[in-house]
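Structure, as structure tokens:
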Amino acid sequence: MGEHAPGLRDVRAAAHAMHNVLRAHGTAIQVMRAQGLNNLGLVCNFEWSEPASDLPEDHEAAARYDAIYNRFFLSGVFKKSYPDLVLKGLESHLPKGWANDFDLISTPVDWCGLNYYTRKLIARLDDPWPSLGEVAGPLEHTQVGWEIYPEGLFNFLTRTKEEYTHELPLYVTENGLALAGEVSSNDARREDYLAKHLQEVLRAKNAGVPVEGYCIWSLLDNYEWALGYEPRFGLVHVDFKTLQRTPKPSYWALKDFLGQRG
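Quick note: the sequence shown uses our numbering, first residue 5, plus one each step.
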């Protein structure tokens, strides 16, 4: 999509990168296993995909986005295959001999991590494949424009368990809210965001999903990829000029919550 430096938009490069990052993953797991290491896993980033309308072409576009963004990597690791909806556009661009790499890609792991922040409403566009685009959703949005949809975390935890990882331990490895403002700002939105997403984690666990951990993004305000220093995800405010660190209200709320649970 060209969102990150150097802004390249090249379907062949994308296909090679998507496949080669999985080859690198499998190679790394094998090398670490050979060195006697364990507790090895992988982390994938997820965005819950839904059609922007009831039109069949929007349903198809949403399924295509889901296959590219959410299913491709899990399918390679846990099913030794790529989704047909992805291969329809990328197969001719994949590296030569790609189908012979799945034994390497599917090297067993000990757990799987899920990063989750948002839902995307997807519509069909009259563009080259994948012919889709995002439509702004009706729900509350974060500082960086991501729609807040806690149910998506439950959906991903249950679907990942049922379709890919089965009894393998799952971890929510990233989940959090970007808010503008300084330490004195009202942090209630972050507290509400975390509470609602934790509820979905517990709902999944109560439904039999082997969720073993939940990690908040982030402890500190940080440099956020292509978005720079403006988005503030931290439980702790960072003054980027002085590097002074000040806990936000959500930090203390989380501390109290954990204390009450013993």
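Think of the CB as a built atom: it goes at the ideal place given N, C-alpha and C, for glycine as much as any other residue.
Minimum C-alpha distance to residue i - residue among the options
i	options	result
T31	Q203, L183, D105, S57	D105
V213	V90, G80, V176	V176
E186	H170, T250, D130, E195	T250
F76	H63, E64, V90	V90
L59	T111, S110, P112, I126	I126
V113	A199, S85, N43	N43
R193	E166, G137, T146, D225	T146
P154	A184, T111, A199, N24	A199
A38	T111, F244, H8	T111
C268	E61, V35, D62, M22	This structure gives no information on residue 268, because the portion of the chain shown stretches from 5 to 266.
L268	Y233, E195, I109	What is shown of the chain runs 5 to 266, which leaves residue 268 out entirely.
E61	G137, T164, N210	G137
E166	K83, T246, E144	K83
V35	P10, W102, G101, L108	L108
E171	A184, P132, A211	A211
A140	G11, K100, D131, S57	S57
G101	T246, N24, L206	N24
Presumed contact (8 Å Cβ cut-off) between residue i and residue j, rounded CB distance
i	j	result
F237	G180	5 Å
C116	L26	With a Cβ gap of about 14 Å, C116 and L26 do not count as contacting.
Y69	K124	7 Å
Beta-carbon proximity of residue i to residue j, cut-off 8 Å
i	j	result
L231	V148	yes
L41	V81	no
L202	Y218	yes
L157	E204	yes
E178	W229	no
P55	A71	no
A208	T169	no
A182	P134	no
Own chain partners of residue i with C-beta closer than 7 Å, once the 5 adjacent residues on each side are dropped
i	result
W150	Y121, T122
A19	L94, H97, L98
Y233	Y227, F244
R16	H97
I33	L44, T111, V113
Own chain, CB closer than 6 Å to residue i, minus 5 neighbours either side, in chain order
i	result
R13	G6
D191	K252, P253, S254
P142	none
E144	I152
A184	Q147
Close beta carbons around residue i, own chain, < 8 Å, minus the five adjacent residues each side
i	result
F160	F50, W52, N74, L118, Y120
S79	S85, Y86, P87, Y168
E64	R128
V240	L223, L224, D225, R249, T250, P251, K252, Y255
H8	W229, A230
D131	G137
Unbroken stretches of the alpha helix (DSSP H), 4 residues or longer, contained in the region 81 to 147: Listed in chain order, the alpha helix (DSSP H) runs fully inside the region 81 to 147 are 88 to 94, 106 to 109, counting runs of at least 4 residues.
4-residue-minimum alpha helix (DSSP H) runs that sit fully inside the region 146 to 185, ordered along the chain: 155 to 164
Alpha helix (DSSP H) segments (min. 4 residues) lying fully within the region 12 to 51: 15 to 38
Beta strand (DSSP E) runs contained entirely in the region 197 to 226, provided each spans 3 or more residues: Restricted to the region 197 to 226, the beta strand (DSSP E) segments that are unbroken, complete and at least 3 residues in length are 215 to 218, listed in chain order.
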